[in-house]
Amino acid sequence: MRYFIAFSYFGKSYHGWQNQPNALTVQEVMEGALSKLLRQSIALVGAGRTDAGVHAKQMFAHFDFGELPEDLVFRLNAFLPEDIAVQEIYRTPDHAHARFDALERTYEYWVISKKDPFYKEAAHYIKHPLNVGEMNKAAAVLLDYEDFECFSKSNTDVKTYLCKIKNAGWEKRNHKMVFTITADRFLRNMVRAVVGTLLDVGLGKSGLEEMRAIIESKDRSRAGVSVPAKGLYLTQVVYPDNIIEQNG
Numbered sequence: 429m430r431y432f433i434a435f436s437y438f439g440k441s442y443h444g445w446q447n448q449p450n451a452l453t454v455q456e457v458m459e460g461a462l463s464k465l466l467r468q469s470i471a472l473v474g475a476g477r478t479d480a481g482v483h484a485k486q487m488f489a490h491f492d493f494g495e496l497p498e499d500l501v502f503r504l505n506a507f508l509p510e511d512i513a514v515q516e517i518y519r520t521p522d523h524a525h526a527r528f529d530a531l532e533r534t535y536e537y538w539v540i541s542k543k544d545p546f547y548k549e550a551a552h553y554i555k556h557p558l559n560v561g562e563m564n565k566a567a568a569v570l571l572d573y574e575d576f577e578c579f580s581k582s583n584t585d586v587k588t589y590l591c592k593i594k595n596a597g598w599e600k601r602n603h604k605m606v607f608t609i610t611a612d613r614f615l616r617n618m619v620r621a622v623v624g625t626l627l628d629v630g631l632g633k634s635g636l637e638e639m640r641a642i643i644e645s646k647d648r649s650r651a652g653v654s655v656p657a658k659g660l661y662l663t664q665v666v667y668p669d670n671i672i673e674q675n676g
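Under our numbering, the first residue of the sequence shown carries the number 429, and numbering increases by one thereafter.
This is how it looks when you write it as C-alpha cells:
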C-alpha cells in the first residue's frame with residue numbers, strides 16, 4: 429500500500445532533502461528512522477528537492493508498506509531529531525506520486541531590516557532601506573513570463589525552464605519582509621535568485637525594465653546573486669483532493 433507522509437524541518441543542519449554521498453540529508457535521516465521502526469528498508473520519494481540549509485514548513489514524501497502501526501507518527505517524532513517533525517501519514521491511491529502529482533508549490537523568503545538574534549539562522553538581514561513598492565512592481569513582472577532560465581542554477585540537467593507562476597509578492601510584517609511565490613514547479617536555486625534580483629530593485633540598483641531584460645536574456649549572470657538559504661521556506665505543496673484533502 430502507498431502512503432504519503434507530511435512533515436517539516438529546519439534545514440540548517442542538513443545538506444538539503446535528497447540523499448547525497450558524504451553529506452547528511454533529511455531524506456537519509458527519515459528513511460533511517462522509518463526503516464528501524466518498521467523493520468524493513470523504506471525508500472522515500474519526496475515532493476521535490478530543497479537545497480542545503482533550506483527549511484520546509486510543509487513537505488510530503490511517499491513510501492510503500494503494508495499495514496502501519498497506529499502510533500507510528502508518535503513513535504517517529506520520538507525517534508527523529510528535534511529539527512524534523514512528522515504531522516500526519518495518509519493512505520493514498522497506489523498510483524499517487526509525491527513529486528509528479530503535486531499541482532503547485534509555495535515558497536516564502538524572509539528578510540529582516542534590523543538586527544534580531546531570534547532570526548539569526550532563520551532570515552536574511554539587509555542593513556539598507558528597501559523600497560517594497562518597487563520590489564512588488566518587479567515581482568509582478570514575473571507573471572508575464574514562463575521561461576526562467578536566467579534564474580536557474582548553471583549546469584543543471586532540467587529539460588525545460590518553463591514554470592507557471594501563480595502569484596509573487598512582498599508583505600511587510602513589522603521589521604520582517606516576506607516574499608511569497610507560488611508556481612507549478614521551480615528550477616534549482618530559482619527562488620533565491622529571484623529574491624536576489626528583487627532586492628537589487630529594492631536597493632535602487634536596477635528597475636522594472638532591467639527586470640524584463642534579465643528574464644528575456646535567459647542569462648544567469650545578469651540576474652542578482654542567490655540570497656542565503658537560511659531565509660527560504662517551502663510552505664505548501666498542493667495535491668488533487670483524491671490524493672490528499674487539504675484545507676486552505
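The beta carbon of each residue, even a glycine, is placed where N, CA and C say it ideally should be. None of the values given here were measured: they were computed from a predicted structure.
Counting only the same chain and skipping the five closest in sequence on each side, list residues whose C-beta sits under 6 Å from that of residue i.
{"i": "I642", "result": "C578, R650 and A651"}
{"i": "V653", "result": "G624"}
{"i": "Q448", "result": "none"}
{"i": "D479", "result": "G444 and A657"}
{"i": "M563", "result": "W598, L626, V629 and G630"}
{"i": "G439", "result": "G481, V482 and H483"}
{"i": "S634", "result": "D628"}
{"i": "L465", "result": "R503"}
{"i": "E516", "result": "A434"}
{"i": "F607", "result": "Y537, W598 and V623"}
{"i": "V655", "result": "H552, R620, V623 and G624"}
Counting along the chain, where does the alpha helix (DSSP H) carrying residue i start and finish?
{"i": "E456", "result": "V454 to L466"}
{"i": "N595", "result": "Premise fails: N595 lies in the beta strand (DSSP E), I593 to R601, not in any alpha helix (DSSP H)."}
{"i": "T625", "result": "M618 to G630"}
{"i": "V501", "result": "L500 to F507"}
Can you tell me where the beta strand (DSSP E) with residue i in it begins and where it stops?
{"i": "A651", "result": "Premise fails: A651 is in no beta strand (DSSP E) and is neither H nor E."}
{"i": "T520", "result": "I512 to T520"}
{"i": "R430", "result": "R430 to Y437"}
{"i": "V606", "result": "K604 to A611"}
{"i": "Y573", "result": "Per DSSP, Y573 belongs to no beta strand (DSSP E) and is neither H nor E."}
{"i": "L662", "result": "L660 to V666"}
{"i": "D492", "result": "H483 to D492"}
Looking only at its own chain, which residues have a Cβ that is under 7 Å from the Cβ of residue i, when we skip the five neighbours before and after it?
{"i": "R519", "result": "M429 and Y431"}
{"i": "K592", "result": "E574, A611 and D612"}
{"i": "L590", "result": "E574 and D575"}
{"i": "R640", "result": "V569"}
{"i": "E456", "result": "N447"}
{"i": "D647", "result": "C578"}
{"i": "N675", "result": "Bear in mind that a pLDDT of 44 at N675, under 50, signals an unreliable position, so the number given afterwards is only what the model happens to contain. Closer than 7 Å at the Cβ level, and outside the excluded window around N675, lies no residue."}
{"i": "P668", "result": "D529 and L531"}
{"i": "K565", "result": "L636"}
{"i": "D572", "result": "none"}
Since residue i contacts residue j with CB under 8 Å, what's their CB separation in whole angstroms?
{"i": "F491", "j": "I433", "result": "7 Å"}
{"i": "A526", "j": "G474", "result": "6 Å"}
{"i": "A567", "j": "A596", "result": "4 Å"}
{"i": "K604", "j": "V560", "result": "Not confirmed; about 12 Å, so no contact."}
{"i": "S441", "j": "D511", "result": "6 Å"}
{"i": "P521", "j": "I671", "result": "7 Å"}
{"i": "E549", "j": "V666", "result": "Contact flag wrong, Cβ pair sits at about 28 Å."}
{"i": "A451", "j": "L472", "result": "That pair is no contact at about 17 Å."}
Apart from the five residues just before and just after residue i, which ones in its own chain have a Cβ nearer than 8 Å to its Cβ?
{"i": "A461", "result": "L504, F507 and L508"}
{"i": "S463", "result": "S469 and I470"}
{"i": "L496", "result": "Y431, L466 and I517"}
{"i": "Y437", "result": "V454, H483, A484, M487, D511, I512 and A513"}
I want to check one thing, is the minimum distance from the CB of residue i to the heavy atoms of the ligand ADP below 6 Å?
{"i": "P449", "result": "The ligand ADP is absent from the structure shown, which contains no ligand whatsoever."}
Exercise for review: Could you tell me whether the stretch 491-500 touches the stretch 580-590, where touching means 3 or more Cβ pairs closer than 8 Å?
Suggested key: At 8 Å Cβ cutoff, the stretches do not touch.
Check your understanding: Of all the beta strand (DSSP E) runs that stay within the bounds of the stretch 528-564, which reach a length of 3 or more residues?
Key -> Restricting attention to beta strand (DSSP E) runs no shorter than 3 residues, the stretch 528-564 encloses them at 532-540, ordered along the chain.
Check your understanding: Would you call the stretch 552-560 and the stretch 610-622 touching, i.e. three or more CB-CB distances under 8 Å?
Key -> no
Check your understanding: Between the stretch 533-541 and the stretch 660-668, are three or more C-beta pairs nearer than 8 Å?
Key -> Cβ pair count under 8 Å is three or more, so yes.
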